[in-house]
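Peer 1: This is the structure I want to talk about, given as structure tokens.
Protein chains: 2
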Amino acid sequence: MKKDQTVNLKYAVVIALLGFMLFSGTAKAQKASWIWYPGDYEVWLSNKMQNRRTERGTFLPPFWKLDSHYVLMNFHKDFELAEPEDAKLYVEGQHNISLDGTTIRGYPKTIHIPAGKHRISLKVYNQANVPAIFVQGRHLVSDTSWLVTCEDKEWIDASGKTSDVSATKYLMAGSWGFNDPVVLPSTYHLPVEPKKAVSIDEKPHHMFVDFGKETFGYIKLNGIKGKGKVSLYFGESPNEATDTARCELADKVDIDQRSGDYTFNGSRAFRYVSIYYDDNISINDVSMLYEYSPVKQRGSFRCSDEEVNKIWDVAAYTLHLNTREFFIDGIKRDRWVWSGDAYQSYLMNYYLFFDSPTVTHTLLALRGKDPVTSHINTIMDYTFYWFLGINDYYQYTGDKTFIQQNYPRMQSMMDFCLSRRDKDGFVQGQTGDWVFIDWADGLSKQGEVSFEQILLCRSLETMAECAKLAHDSTRAVKYAQIAAYLKAKIFSYYWNDQKHALVHSRIDGKPTDNVTRYANMFSIFFNYLDEAKKQDVKKYVLLNNDVPKITTPYMRFYELEALCAMGEQSYVLKQMKDYWGGMLKLGATSFWEEYNPAKSGADVYAMYGRPYGKSLCHAWGASPIYLLGKYYLGVKPTSPGYKEYIVEPNLGSLQWMQGSIPTPNGDIRVYASTKVIKVSADDGVGTLRFKSKTKPVCKQANIVSKDDNVYELQIQKGQNLVVDYNAM
Amino acid sequence: MKKDQTVNLKYAVVIALLGFMLFSGTAKAQKASWIWYPGDYEVWLSNKMQNRRTERGTFLPPFWKLDSHYVLMNFHKDFELAEPEDAKLYVEGQHNISLDGTTIRGYPKTIHIPAGKHRISLKVYNQANVPAIFVQGRHLVSDTSWLVTCEDKEWIDASGKTSDVSATKYLMAGSWGFNDPVVLPSTYHLPVEPKKAVSIDEKPHHMFVDFGKETFGYIKLNGIKGKGKVSLYFGESPNEATDTARCELADKVDIDQRSGDYTFNGSRAFRYVSIYYDDNISINDVSMLYEYSPVKQRGSFRCSDEEVNKIWDVAAYTLHLNTREFFIDGIKRDRWVWSGDAYQSYLMNYYLFFDSPTVTHTLLALRGKDPVTSHINTIMDYTFYWFLGINDYYQYTGDKTFIQQNYPRMQSMMDFCLSRRDKDGFVQGQTGDWVFIDWADGLSKQGEVSFEQILLCRSLETMAECAKLAHDSTRAVKYAQIAAYLKAKIFSYYWNDQKHALVHSRIDGKPTDNVTRYANMFSIFFNYLDEAKKQDVKKYVLLNNDVPKITTPYMRFYELEALCAMGEQSYVLKQMKDYWGGMLKLGATSFWEEYNPAKSGADVYAMYGRPYGKSLCHAWGASPIYLLGKYYLGVKPTSPGYKEYIVEPNLGSLQWMQGSIPTPNGDIRVYASTKVIKVSADDGVGTLRFKSKTKPVCKQANIVSKDDNVYELQIQKGQNLVVDYNAM
């Protein structure tokens, strides 16, 4: 017994020691991730994703140029070790390794590194996939502090000496935080989870399956046996799924199995599926693997109006479905990354997920590589939204590194835009440029469209800011000057005093007298108008039924934003209930690409000349998330990354509302009724601004009185502020 | 018997009919080949090839940026059929097909095309390999008449209508003439054939194998059995193969087999192989699979001097070994495509293989894609050789289409060069630019090197010519102006009357008084010098032993060319015998990267600080092919593609010589002794020019007397001209 005890004690010591070692190892060891050239994985993965589109089983790729990753990459890191260590190496591609300039022979899986200062370099070639590495030492780990280049230009002379003047341009490595060394980045896919059908209507050799709401993933036939064909006809509406000849998505497969399940290869968007199968086939049950992005829903919204709550929920679900490897336009089609669509997703994202990686991944995928041979997605306005997206990204996240790393690609993109200006300094659609603006019947795209100039102007202002962040002061000044010059010109050329508005375009150097909403509404929230012009635009354009109406959620986003920016929250709430509520009344479980309340019946599903061409789950349908967060709860950053912010609640006609707004560090929580406002925040310094008929009271902070019954107080992190007031 | 006969007769009829059908099919059917975006296959395959380099089993990739193919490609062809036909389709990549704008569902292997006018389009996505198609109908076949684009920019509006203004830039498809639909371009490799060793020296667990001469391919161990390690140590010299610790190429493999042969994966350059294997292993025999480019040796040369004949043969073998998928520098290392090295291969090729595809493939591989971020191979002079190579290619082949298709990439490459001029309009090495010139001890690369300006000037002249061919008359004028301005400046800044030569460089705006051979010799065959200056350069530079000597065959190429261009064939012949003959005397079976007659012993193999660093089979070693063809047989085109040409035989000190010079259409055959010249040609109109002490006689053509005992006559195709003369 005594002996055994001793042994046990020894074991215990050993185990404790091991535990200590493991623990201290875990505590001290850095977190390694797969790294690559920044932007390359985005280009590669977006190629893969965007080429998944099919129409009834036929491949349907994008019509713009797709770029590629750099096939040969040089990774390096200068570091110092206090103690020697072994580092494990994992590489996607053919590679070599050198330590302190000396190549290590062969393809070692572990290298020993002595204590001291070192430089480790890996060169990796991979034509098919992105060259990537994963290095796991105790202290030396692959992460975004590594430097990468696609051309090191390090030649040697006849004596074997390396050139002593390096012109290598390094960037910091890109990463998606893939932390498992044995799961290669090229095998990445979104997670899936099984979901059951809500109802299955069975007939001989046929099933009609309803999953209860719009969804996305892989159809699974459970307990299928026999030999023969199985055909799937998908529908976002029952009409579509039953119209086997004309539904947009269909798959067919040859089955030959005794028993078991069969999961289809291709992911599809649907609520309904019609399944037809041959005589010899039997199927027990139908389910699906729901595929989704693992982003976390951080934002929330609840209010006194249940229809608005429902709108917010369906909008959140719509955005989640369209948030995939990147922000896409719609899950049925195109499943492509469209800059104008993504721009709205970025903004909604700041009020729902605050998932910065999906924003930067999408921005990088959209930009691709030099040379620029076309506008982004071929669309002029979509190039400008790309710049605007970067501007917002910096405002919301404060991520200066992204701007600095990305700045050269911003510059070459802007060079492309500036090189296409006409003699008046305006842009107009050249051959091959798609001037999109919006889906609207009869909308002119000819000549110098004011809307495009407004977007270019804002893009130039963005460039001026980003040039400063990238320490390019010369160009910062240049961009600001061009922007100022352009802005002055826009108002001198397009503003029509009789119309009290910017006109739509100039053709052959002459302004038309056509007034549309686009340039006018953007001018409001870009703050390009003085107060008098703002009121003019509100009256003569936004609230004027004679100006052609907008029939896409896409442009309603901006129209309602402009109205909110002018304090028209009550009017906008009614619009929101009419428009998004209108879709809900038609049975929508996600919001649509286009909705025209004037249409009814089967007509509501048609678009692009096809009976089910319209996407019933389109990211740009989800804008209430943004409007409710930014203009009702009233939260927005006033300095980059929410270091400072404002909370300006506006109930519209609601009795109360409450919600949470995500920020880079924690959340901002707001409750507002007509009597009380409660605010708390995890970080930053905020200003709560509100109107009150009577003098408000707050025990936790000093309220400062401003003009016109406007009051302000400062929000410090961690405080729970309660303000008693009398809403106006 | 009768019955049998009848049957036989029937069979005969059927066979004859089949034969007729096959024949008429063959006669009428067009030849299909795999097609792709021009230049893309070259970029892709050169990536693959250049990343095959290893040093003792460790991967050693290039240090410049590697580009990629376009991953999404649109192929189309407008055509008309008199009768309906079925066309077979083969595709590398995910794809769709449309006929007359209508997508054909699924992935058909054959499509039926009615009679009439049509447009067929295929869109192909392939990230890993080059998107490629093979279409085989009776009349409709994939070939270089198809149009391709990487961005069709063909969007549709909300009604489904395609944009009516296309900005698509089409190029004609690229092809390597791969005619087998089931052999995919991505699987292409050079042919191999088995070769036996010349001697095998066997010792226990060791073999020392000699293949008799420099060679390239895969080592094959015949009848190997047992379990254990086999190590190969390669050598271009016996010294290298026996120095197992320091030889440049080595491979190791684990064997575990009962019997059979084992062929190594990696292709290597060698003459000798040391093989070491474990106790448990036994090997019957060692052989190799010789890998080669299937180019045809069309040029020939024989003369009264056997050493010169040997030099020509070894040069031809050297060039053949280095003519692979592309023209490479050397077969041991780097196996990369280097522009300056390839430039000489192009010129030699015109006198040996006249294989135009290998030239255009190499030019396209070198250029890669936009944006230009570096000189070609990082070397400034190598960028200029790329332009010069295009100039020569057009002169020798007359292939205008290549110039026109390639012109945009020439333009952006030249934009890069021009953007890097200093305030005096000269180029100097900027950070990251390698100013190579030559391997020569102590050669200055600082400041504005005259040699680089001379090459830039010639490149600009090339651009001016190519701009004309591409119908870009504005830039044709611009390039010619810059060239003229630069040329005048070169001579005003670098020509030193005291030195009777161009000086090597200007540093800080001041010419040095250092004279080197480079700029001077190029000025001669570029015809940049007046007669007085030519004679100056000959006397004070080329034939002046105080000017540092050239020790690479690379620059000896140009030095001897300059002397030949001035009629110094006798002197050059002696030099050739000394220099290339010197390598033969050291046992060379192929010509070297560098040869310094002053070195001896093991020293001759060293370079780059490594004992066997030097390549003993280097393309630039093969220049006698070019010199003997162009300056002895004296054949060169005087208008593009040999439509007109000159034959100006110069025996040097030879008694007689004869040879055949390949042209785009057939050959030009020349025989010359001191008494008679015989010439015949398959195409074009030539001028035979020669000197004679006495009045020459030719029965077939009129001889015209020129100044200074120079005579000329015209060579018509198909004629066998015989001229009796009295050589001077």
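For the record, the sequence lines run as chains L and R.
Residue 18 in our numbering sits at position 18 of the first sequence, and the numbers go up by one each step.
With the second sequence counted from 1, adding 1000 to any position gets you our numbering.
Every residue gets a Cβ at the ideal spot worked out from N, C-alpha and C, and that includes glycine.
DSSP three-state label for Tyr540 of chain L, please.
Peer 2: Helix at Tyr540 of chain L.
Peer 1: Beta carbons nearer than 7 angstroms to chain L: which residues of the region 1092-1124 of chain R have them?
Peer 2: From the region 1092-1124 of chain R, only Gln1094, His1095, Asn1096, Thr1103, Arg1105, Gly1106 and Lys1123 have a Cβ closer than 7 angstroms to chain L.
Peer 1: Under a CB-based cut-off of 8 angstroms, is Trp338 of chain L close to chain R?
Peer 2: For Trp338 of chain L, the answer is no, since every Cβ of chain R falls outside 8 angstroms of its Cβ.
Peer 1: If the cut is a Cβ gap below 7 angstroms, which residues of chain L does Trp1439 of chain R touch?
Peer 2: Going along chain L in sequence order, the residues near Trp1439 of chain R (Cβ under 7 angstroms) are Ala158.
Peer 1: Give me, in chain order, the residues of the same chain whose beta-carbon lies closer than 7 angstroms to that of Leu1366 of chain R; leave out the 5 immediate sequence neighbours on both sides.
Peer 2: The residues are Val1337, Ser1339, Ala1342, Ile1376 and Trp1386.
Peer 1: Considering only the alpha carbon of each residue, which of R:Tyr1382, R:Pro1191 and R:Asp1334 lies closest to Tyr1292 of chain R?
Peer 2: With distances taken between Cα atoms, Tyr1292 of chain R lies closest to R:Pro1191.
Peer 1: Sorted by chain position, which residues of the same chain lie with C-beta nearer than 6 angstroms to Ile1015 of chain R's C-beta, five sequence neighbours on each side aside?
Peer 2: Bear in mind that a pLDDT of 38 at Ile1015 of chain R, under 50, signals an unreliable position, so the number given afterwards is only what the model happens to contain. Answer for Ile1015 of chain R: no residue qualifies.
Peer 1: Examine chain R for any beta-carbon lying closer than 8 angstroms to the beta-carbon of Arg56 of chain L, and answer yes or no.
Peer 2: Yes, Arg56 of chain L lies at the interface with chain R (some Cβ there is under 8 angstroms from its Cβ).
Peer 1: Residues in its own chain within less than 8 angstroms of Leu1469 of chain R by CB, not counting five upstream and five downstream?
Peer 2: Once the five neighbours on either side are set aside, the close Cβ partners of Leu1469 of chain R are Tyr1394, Lys1400, Ile1403, Gln1404 and Tyr1407.
Peer 1: Give the straight-line distance between the Cα atoms of Thr1054 of chain R and Leu1249 of chain R, rounded to the nearest whole angstrom.
Peer 2: Taking the straight line joining both Cα atoms gives about 7 angstroms.
Peer 1: Look at Met555 of chain L and Asp438 of chain L and say whether their C-beta atoms are less than 8 angstroms apart.
Peer 2: Contact flag set, yes.
Peer 1: Please list, in chain order, the chain L residues whose beta carbon lies closer than 7 angstroms to that of Trp1580 of chain R.
Peer 2: Ordered by position in chain L, no residue passes the 7 angstroms Cβ test against Trp1580 of chain R, which lies about 21 angstroms from the chain.
Peer 1: In chain order, what are the residue ranges of uninterrupted beta strand (DSSP E) at least 3 long that sit wholly in the region 1217-1292 of chain R?
Peer 2: If we require 3 residues or more, the beta strand (DSSP E) runs fully inside the region 1217-1292 of chain R come out as 1226-1235, 1250-1257, 1268-1277 and 1285-1291.
Peer 1: Answer with buried or exposed for His206 of chain L, where buried requires no fewer than 16 other C-beta atoms within 10 angstroms of its C-beta.
Peer 2: Result: exposed.
Peer 1: By the 10 Å Cβ neighbour count, where 16 or more other Cβ atoms means buried, how is Ile1219 of chain R classified, buried or exposed?
Peer 2: That one is buried.
Peer 1: Hey, how far is the Cα of Phe20 of chain L from the Cα of Arg138 of chain L?
Peer 2: The pLDDT assigned to Phe20 of chain L is 38, lower than 50, so where the model puts this residue is not dependable; a value taken from the coordinates is nonetheless given after this. Between Phe20 of chain L and Arg138 of chain L, the C-alpha separation is close to 15 angstroms.
Peer 1: What residue from L:Tyr37, L:Asn650, L:Trp580 and L:Arg610 has the CA that sits closest to Asn309 of chain L's CA?
Peer 2: When only C-alpha atoms are compared, the closest one is L:Trp580.
Peer 1: Of all Cβ atoms in chain L, is any one closer than 8 angstroms to the Cβ of Thr1070 of chain R?
Peer 2: The question names Thr, but residue 1070 of chain R in the sequence shown is Tyr. At least one chain L Cβ lies under 8 angstroms of Tyr1070 of chain R.
Peer 1: Which residues does DSSP pair with Ile1677 of chain R in a beta bridge?
Peer 2: According to DSSP, which records beta bridges pairwise, Ile1677 of chain R is partnered with R:Ala1672 and R:Val1723.
Peer 1: Rounded to a whole number of angstroms, what is the C-alpha to C-alpha distance between Arg1335 of chain R and Asn1047 of chain R?
Peer 2: Looking at the two C-alpha atoms, the distance is approximately 11 angstroms.
Peer 1: Going by the beta-carbon positions, is the gap between Lys227 of chain L and Asp251 of chain L smaller than 8 angstroms?
Peer 2: No, Cβ-Cβ distance for Lys227 of chain L and Asp251 of chain L is not below 8 angstroms.
Peer 1: If contacts are defined as beta-carbon pairs under 8 angstroms, then Glu85 of chain L and Ile113 of chain L qualify, I think. What distance do you get, rounded to the angstrom?
Peer 2: That belief holds up - the Cβ atoms of Glu85 of chain L and Ile113 of chain L are roughly 6 angstroms apart, short of 8 angstroms.
Peer 1: Residue range of the beta strand (DSSP E) that Met1731 of chain R falls in?
Peer 2: Outside the displayed range of chain R (1001 to 1728) lies residue 1731 of chain R, so it cannot be described from this structure.
Peer 1: Would you check if the region 1121-1132 of chain R and the region 1038-1052 of chain R touch, i.e. whether three or more CB-CB distances between them fall below 8 angstroms?
Peer 2: Touching, per the Cβ criterion.
Peer 1: For the region 695-724 of chain L, enumerate the residues whose C-beta is nearer than 9 angstroms to any C-beta of chain R, in chain order.
Peer 2: Cβ contacts with chain R come from no residue of the region 695-724 of chain L.
Peer 1: If I measure Cβ to Cβ from Phe436 of chain L and keep anything under 6 angstroms in the same chain, skipping five residues before and after, which residues do I get?
Peer 2: Around Phe436 of chain L: Ile379 and Asp381.
Peer 1: Report buried or exposed for Ile156 of chain L, applying the criterion of at least 16 other Cβ atoms within 10 angstroms of its Cβ.
Peer 2: Counting Cβ neighbours within 10 Å, Ile156 of chain L comes out exposed, since fewer than 16 surround it.
Peer 1: Quick one: does Pro371 of chain L have its CB under 8 angstroms from some CB of chain R?
Peer 2: So, interface residue.
Peer 1: Quick check: the region 1405-1425 of chain R against the region 1467-1482 of chain R, are at least 3 beta-carbon pairs closer than 8 angstroms?
Peer 2: In short, these stretches touch, since the Cβ pair count reaches three.
Peer 1: Establish whether the CB of Asn1514 of chain R and some CB of chain L are separated by less than 8 angstroms.
Peer 2: So, not an interface residue.
Peer 1: Compute the beta-carbon to beta-carbon distance between Ile1097 of chain R and Phe1216 of chain R, rounded to the nearest angstrom, for a pair I have assumed lies under 8 angstroms.
Peer 2: About 42 angstroms; that fails the 8 angstroms criterion.
Peer 1: Kindly indicate the opening and closing residues of the beta strand (DSSP E) around Cys303 of chain L.
Peer 2: Taken as a continuous stretch (DSSP letters only), the beta strand (DSSP E) holding Cys303 of chain L covers Ser300 to Cys303.
Peer 1: Report yes or no: is there a C-beta of chain L within less than 8 angstroms of the C-beta of Gln1127 of chain R?
Peer 2: Chain L, which has a Cβ nearer than 8 angstroms to the Cβ of Gln1127 of chain R, makes this yes.
Peer 1: With a cut-off of 8 angstroms, do at least 3 Cβ pairs link the region 605-622 of chain L to the region 644-659 of chain L?
Peer 2: Counting Cβ pairs under 8 angstroms, fewer than three are found: no touch.
Peer 1: Should Gly1223 of chain R go down as buried or exposed, given a rule of 16 or more other Cβ atoms within 10 Å for buried?
Peer 2: Classification of Gly1223 of chain R: exposed, given that the 10 Å Cβ count is below 16.
Peer 1: Starting from Ile550 of chain L, follow its DSSP beta bridges and name the residues at the other end.
Peer 2: DSSP output for Ile550 of chain L lists no bridge partner at all.
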